[in-house]
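Note that the numbering used here gives residue -14 to position 4 of the sequence shown, counting from 1, and the numbers run on in steps of one. Virtual Cβ for every residue (Gly too), placed ideally from N, Cα, C. Scroll down for the structure; my scribbles are underneath it.
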Amino acid sequence: MHTGSMRLNAARTMLAASQRSDVPPFMVMDVMSAAARIEAAGGHVIHLEVGQPFAPAPRAAIAAAQRMLATGRVAYTEALGIPSLRSRIARHYRDQYACALDPDRIAITTGSSGAFTLAFLAAFDPGARVAIANPGYPPYRHILSALGCEPVLIETSDRDRWAITPEALLATHRRKALQGIIVASPANPTGTMMTADALAALIKTAEGEGIRVISDEIYHGLDYAFAAATAAHLSDEAIVVNSFSKYFCMTGWRVGWMVLPERLVRPVERLQQNLAISVPALSQVAAEAAFDGRDEMEAVKHGYEENRRILIDGLPRAGIDKILPVDGAFYLYADVSAFTHDSLAFAARLLEEQHVALTPGVDFDPLHGRSFVRLCYAGSAADMRETVERIGAWLRRAD
Ligand SMILES: Cc1ncc(COP(=O)(O)O)c(C=O)c1O
């Protein structure tokens, strides 16, 4: 009897969740739940915490999906994606960056999130050390860890415009060899961008050492300070990741793409065949049509530019004057160490007392995130003005 229950306990232990699934949660979700509670009680919350556009997908994308739905046939597609969508994306590189690409090098993915899993599996073996900028987008670290790779944080600061420099990369690599690096420009949470020269120098250094570059270009199209450069133009060995989620306002459609080095196309195809079969056909058809909605999306972008201006002008007057260069994406990252060293509590209080929801830096930066907050300015101009008012009044009262 006793041995029986011991065996049962031992068996239960074996049924526990894997160690690799033990990735940290996204703490912004706590802010979102608190905001939902305030709204359920009738409060009006200004949402600057969620990193997604409030505008709908391009009309042409929705119409294309409706046409497909009306046929009643939504089937699997080729694992690497619908050929006409892959060609349309290749054309986009020609039009946007004067970069000629073979459509065979393009793989369609379930958002850029799906692209990371495929890219990491195709490029790295377990144990691979992959450099990422700190602060940075948390899932880079968490997906790498879940796949048995080692994320290696490289500190960035205003000295280097919040990007990994060739020198910092080499110093880390010399201490213990790296196999990969993820770069993002514009970046999340900082909203900062790398110049074409800085990106080219970093890629040259990395590839000279045999370090695989993965360039997350999901915020391309949303550049205000200067034009974003694509790694596809700078290297045939870089893996470029992009998505319809942000510029095209299609987060929920879950469709993105990769530009792959030739030798990784077939490995990615085999992985995709086994892991997902294909990306949802409806989303792929909508994504192809989305390129016809660029005028609509440019209008949305002008709205972000206006919001950006309101915050850059207004926040310093409200008391928050240590903000990172607001180059691109729709994020503003602010140093609030003059007010707090617990950005989680700061965000909770601001939400509770002023009904303004923003994201504490702790999600993005395990080292200094307690002194930073991120604001997403993808909402309305009226909300941005109101945010400045409410934060200003709140900080003045706290003085
Ligand atoms: C930097 C960055 N990369 C990738 C993603 C994932 O986006 P998706 O999977 O919707 O393409 C996000 C989402 O916020 C992001 O901020």
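When secondary structure is reduced to three states using DSSP, N116 falls in the strand class. As a beta-bridge residue in DSSP terms, I305 pairs with A316.
Taking all protein chains shown into account, Q254 has 16 or more neighbouring C-beta atoms within 10 Å of its C-beta and is therefore buried. Here the distance from the Cβ of G54 to the nearest heavy atom of ligand 1 is not below 7 angstroms. When A268, L(-10), T212 are compared, the shortest CA-CA separation from I196 is found for T212. Within the region 118 to 197, complete alpha helix (DSSP H) segments of at least 4 residues are found at 120 to 128, 148 to 157, 178 to 190, given in chain order. Using a Cβ-Cβ distance cut-off of 8 angstroms, the region 179 to 197 and the region 213 to 230 are in contact, since at least three pairs of beta carbons, one from each stretch, lie closer than that value. Ligand 1 approaches T233 closely enough that one of its heavy atoms is under 7 angstroms from the residue's Cβ. Nearest to A105 by alpha-carbon distance, out of R245, A80, F328, H124, is R245. Residue nearest to G118 within the set H350, F346, L357, E21 is F346 (criterion: CA-CA distance). The way I'd put it, the region 157 to 176 doesn't touch the region 84 to 97; fewer than three beta-carbon pairs between them come closer than 8 angstroms. Your pair I221 and A110 does not check out as a contact, with CB atoms roughly 13 angstroms apart and the cut at 8 angstroms.
Check the Cα spacing between R68 and each of A380, F328, M240, D277: the tightest is with M240. A268 has its alpha-carbon roughly 6 angstroms from the corresponding atom of I44. Here DSSP, grouped into helix, strand and coil, assigns V370 to helix.
In this structure, Q1 lies away from T233, with their beta-carbon atoms at least 8 angstroms apart. V370 sits away from L314, with the two beta carbons spaced by 8 angstroms or more. Remark: C-beta atoms of C358 and V282 do not approach each other more closely than 8 angstroms. When the five nearest sequence neighbours on each side are left out, the beta carbons in the same chain lying within less than 8 angstroms of the beta carbon of G130 are those of R2, P108, G109, in order along the chain. By the Cβ criterion, the region 361 to 376 is not in contact with the region 131 to 147, since fewer than three pairs of Cβ atoms, one from each stretch, lie closer than 8 angstroms. Relative to ligand 1, the nearest heavy atom lies less than 7 angstroms away from the CB of Y119. The three-state reading of DSSP puts H29 in strand, counting E and B together.
Secondary structure note for L357: it is in no alpha helix (DSSP H), and the uninterrupted beta strand (DSSP E) holding it is 354 to 358. Put simply, the region 300 to 312 touches the region 191 to 206. At least three CB pairs are less than 8 angstroms apart.
By the Cβ rule, the region 18 to 32 does not count as touching the region 269 to 279, because fewer than three pairs are nearer than 8 angstroms. Within the region 84 to 109, the complete beta strand (DSSP E) segments at least 3 residues long are 88 to 91, listed from N- to C-terminus.
Per DSSP, the beta-bridge partners of I221 are I196.
Within the DSSP secondary-structure output, W376 pairs in no beta bridge. DSSP lists G310 as the beta-bridge partner residues of D205.
Its Cα nearest to that of A329, the residue V27 stands out among V27, S265, N(-9).
N170 has its CB nearer than 7 angstroms to a heavy atom of ligand 1.
D274 is positioned such that its CB atom lies no closer than 8 angstroms to that of A97. Per DSSP, reduced to three states, the secondary structure at V344 is helical. Closer than 7 angstroms to some heavy atom of ligand 1: that does not describe the Cβ of S167.
Excluding five sequence positions before and after Y286, the CB atoms of its chain that fall closer than 7 angstroms to its own CB belong to L204, F312, Y359, A360, given in chain order.
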